[in-house]
Every structure is written in structure tokens, then in C-alpha cells.
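In my numbering, the protein residues as written are 27 to 108.
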């Protein structure tokens, strides 16, 4: 497994992500349910992603707008669908 950090643009804001690579063709997207950074509390999301990748599934995590390393304004749950 290789862990790769990168950024991508989303509606004018730079969002930062981490991809745990694996050979599988089916991938998982882990999205925080709140204002938690992509690594998770006590790196829980990062450890979870590494375990899934070790089972052969690529895993993508990202910091939502205005959270962690991502730019923009965090609009909270009311703007999650926007």
C-alpha cells in the first residue's frame, strides 16, 4: 500500500485528499460526518483506510471545505449537498 496526498479543485476551492492505493478495482470513499480532518481523531480514519487498503481496496479521504488543509468556508451540514 502506498499513501498519496494531493489536492483538487472543487467549485473554486482547493480541497486536500489522501489516497491509500491498492490493486482492487472497487474503491471506497471515506467522508467525515462532521468537522473532523481526513486523518480522523487519533488518526482513526487513517488507520481504518490503511487496513481496508491492505485487504486490496483503494481508499480516498479528503478534508471537506474549510476543514483541515482544505480551503473555503465550512458551511456545516446545511451546505453538505451544495
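Ideal Cβ positions, reconstructed from N, Cα and C, are used throughout, including at glycine. This one's a predicted model, so the numbers in the text were calculated from it and none came from an experiment.
Around the CB of residue 77, fewer than 16 other CB atoms lie within 10 Å, so the residue is classed as exposed. Here the region 80–88 lies against the region 34–45, with 3 or more beta-carbon pairs under 8 Å apart. Rounded to the nearest whole angstrom, the CA to CA distance from residue 31 to residue 102 is 24 Å.
In the DSSP annotation of this structure, the continuous segment of the alpha helix (DSSP H) that includes residue 74 starts and ends at 70–80. In this structure, the beta-carbon distance from residue 84 to residue 28 does not fall below 8 Å.
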